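Everything below concerns the one structure shown next.
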Amino acid sequence: MAPTALGFLPVAQPLDLEKSIESGQVFLWRRHDGWFCGPLGGKIAHLRQVEGGLEFEMASNSQEEVIAAIHAFLRLNDPIEEILRQLQADPHLREPLQRNHGLRILRQDPWECLLSFVCSIDANIPRIRSMINALAGHCGQELSLGECRLPAIPNPETLAEVGEAKLRELGLGFRAKYVDPLAKTIAAGEIDLESLRSRPTDEARKTLMLLKGVGEKVADCALVFSLDKLDAFPLDRWVRRAVQEWYFDGEAIPDRAIQAWAKEHFGGYAGYAQQYLFYRRRLDAGRSTF
DNA sequence: CAGGTC
DNA sequence: ACTGG
């Protein structure tokens, strides 16, 4: 039995674990006995929000290591008060900021993130979940903690062996023709995702978009949700609609014009603004199929 | 009809 | 285009 670290991490800042995990950023996390169970820093973790902080349980022999991993995943070092203060200057964000108080951007593994959002193409959130679970279930390492079992995202090398036909069988549909070469390219070391963290946003974005199946939107998701580029602004159909309706009087605006506007209007934390716009627009549409 | 891409 | 929630 692997050593397990459990404990309590005081959190004195806006954080809603449930909203953050169930806002379409991560797709392997699940509820289990009032806890959230999911991959964290290559291991499996249990998290539960209680008064004043988080209870955690994770396979590790060091509490400090676990706490560091939680800090990284939940981005507890972000200047969240400053970010919220900036976003509150926008009247359209005030209501979503209140209603979704504590909704945070998460920092997930870049490979897991990129793979997930290539699978997100033209799919809804339950379908993305099902694809990622099928994929991980087929060739990912099985992690377990207590009674919770969780297939890990297969590494690129393992996934590269699966082949496009099998990926289709696993329910990926036409996305299989992107995921297969994606895994092979990353496995071959042609692009080092982790190294993009230290590159400027534009450069990292262009590099990601060299990959087949990675367009502007998927690249921006990887930038915001895994590579610390909080200035990127993932523009999906919901956010596009929200921006058109709320800021441009229903007028159709070209994507690059929206991007320029977002950069000007939201600045360095456009990624956070996007997540609140997305969340609110989804709820208002009455399709909160999270 | 779905957190787009080539 | 694939297909399933």
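The working numbering applies: residue 6 is where the first sequence begins, and numbers increase by one.
Cβ coordinates follow ideal geometry from the N, Cα and C atoms, glycine included.
Keep in mind it's a predicted model, so treat the numbers as computed, not measured.
Beta-carbon contacts of residue i that lie in its chain and below 7 Å, excluding the five residues immediately before and after
i: V123; result: R180, Y183, V184, L187, G218, V219 and V223
i: I133; result: F32, S121, C124 and S125
i: G12; result: F61 and Q68
i: H37; result: C153
i: W40; result: H51, L52 and R53
CB of residue i within 7 Å of CB of residue j, strictly
i: A64; j: L150; result: yes
i: Y274; j: L235; result: yes
i: C118; j: A237; result: no
i: Q18; j: L111; result: no
i: G58; j: L108; result: no
i: Y281; j: P101; result: yes
i: V71; j: A10; result: yes
i: F161; j: I191; result: In the sequence as presented, Phe is not what sits at residue 161; that position holds Pro. Yes, these two residues count as a Cβ contact at 7 Å.
i: L45; j: A74; result: yes
i: Q264; j: P239; result: no
i: A209; j: L175; result: no
i: Q93; j: R99; result: yes
i: W251; j: H97; result: yes
i: L198; j: W116; result: yes
Cβ neighbours of residue i in the same chain (closer than 6 Å, five flanking residues each side left out)
i: M214; result: A224
i: I88; result: Y274 and Y277
i: A267; result: F238 and A275
i: W34; result: I26, F41 and G43
Chain-order list of residues whose beta-carbon lies under 8 Å from that of residue i (same chain, five-residue window excluded)
i: R286; result: W243, V244, R246 and A247
i: S135; result: G176
i: D233; result: R112 and R202
i: R204; result: T212
Exposure of residue i, with buried meaning 16 or more beta-carbon neighbours within 10 Å
i: F78; result: buried
i: D114; result: buried
i: P84; result: exposed
i: A170; result: exposed
i: G43; result: buried
i: F253; result: exposed
**Asked** Where are the beta strand (DSSP E) runs, 3 residues long or more, that stay fully inside the segment 45 to 75, in chain order?
**Response** 48 to 55 and 58 to 64
**Contained alpha helix (DSSP H) runs [length at least 4] in the segment 181 to 248, N- to C-terminal order** = 181 to 192, 206 to 213 and 221 to 231
**Prompt:** Does the segment 162 to 169 come close enough to the segment 130 to 148 that 3 or more CB-CB pairs lie under 8 Å?
**Reply:** yes
**Item:** Continuous alpha helix (DSSP H) assignments of at least 4 residues falling wholly in the segment 72 to 154
**Value:** 85 to 92, 96 to 104, 115 to 124 and 130 to 144
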